[in-house]
Every structure is written in structure tokens, then in C-alpha cells.
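Heads up: the structure comes next, in C-alpha cells.
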Ligand SMILES: [Zn+2]
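Residue numbers (our numbering): 11 to 135.
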């Protein structure tokens, strides 16, 4: 787990008190869920600049913040449009695209059969 604590230089109070592990964890969780550092910091009553200043001073906190930001970017990035026949046509062979292409082919065959069947079955054809 994270063990960052605020260190006070002589006569220098820390801008952000990160002794509170609960708030620290909450802020990092918000960032990891895709919130901006500003939003996450505001969510726990800190300023964005205070968080960045602390990140510069505290290596452990900096690393945790960087990891959370990386995770947050992944969360914010929409997943590639997989699961469609067109993606399969573009060369994707993931399970979802293969299934989508297979069911699309099956659907076209079924439609063709239904049309043929309907024509044959029509009494006044
Ligand atoms: Zn795919």
C-alpha cells in the first residue's frame, strides 16, 4: 500500500497534508476512475497545485499519482469499436468481431432462404 507521508522541512508546513491516507486514497481513486487531478483534488478539499507540489516533493506519491493518471486515461479512452462486421472487414479477428461477422453471414443466408421460401410458397407466385 501507499506509505507516503508529508515531511515538513524546517519552518515549512506542507501545502497538502497527505498524512490522511483515506483522503489520499480517495483522490487517487478518483483520478484512476478518469477524473482530472483538479477535480479529484477538489473532491477531497485540496488544490490542484498543492497536489502537484506534493507530487514533486514526494516520490512515492508522485509514482502513485502517475499510475492513477495512466489508469484514468485508459478509463477515459473509449474501447475500439469491436463487435461489428465492418471491424472484421478491417482485419480485426477478436472474438467479438469474428462472432459479429459470422452471425451477419448467417443472417444474410437466413434472409435469402426466407425470400426464396416465400416466393416458392406464394400461391399466386
Ligand atoms: Zn475486434
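Each residue gets a CB set at the ideal place from its N, CA and C atoms; glycine is no exception.
Query, Result
"Buried/exposed call for residue 31, threshold 16 Cβ in 10 Å", "exposed"
"Assigned exposure category for residue 107 - 16 Cβ within 10 Å defines buried", "buried"
"Residues whose Cβ lies closer than 5 Å to any heavy atom of ligand 1, in chain order", "92, 97, 102, 104 and 107"
"Validate contact between the stretch 36 to 45 and the stretch 73 to 85 using beta carbons, cut 8 Å, 3 pairs", "yes"
"Rounded straight-line distance, which links the Cα of residue 91 to that of residue 52", "33 Å"
"Sub-8 Å separation of residue 54 and residue 68 beta-carbons", "no"
"Best match in 115, 118, 122 and 34 for proximity to residue 71 [C-alpha to C-alpha]", "34"
"Exposed unless 16 or more other CB atoms sit within 10 angstroms - verdict on residue 85", "exposed"
"Check whether residue 38 and residue 65 have beta carbons under 8 Å apart", "no"
"Backbone secondary structure at residue 80 - three-state DSSP", "helix"
"Where residue 110 falls, given that 16 or more other Cβ within 10 Å makes a residue buried", "buried"
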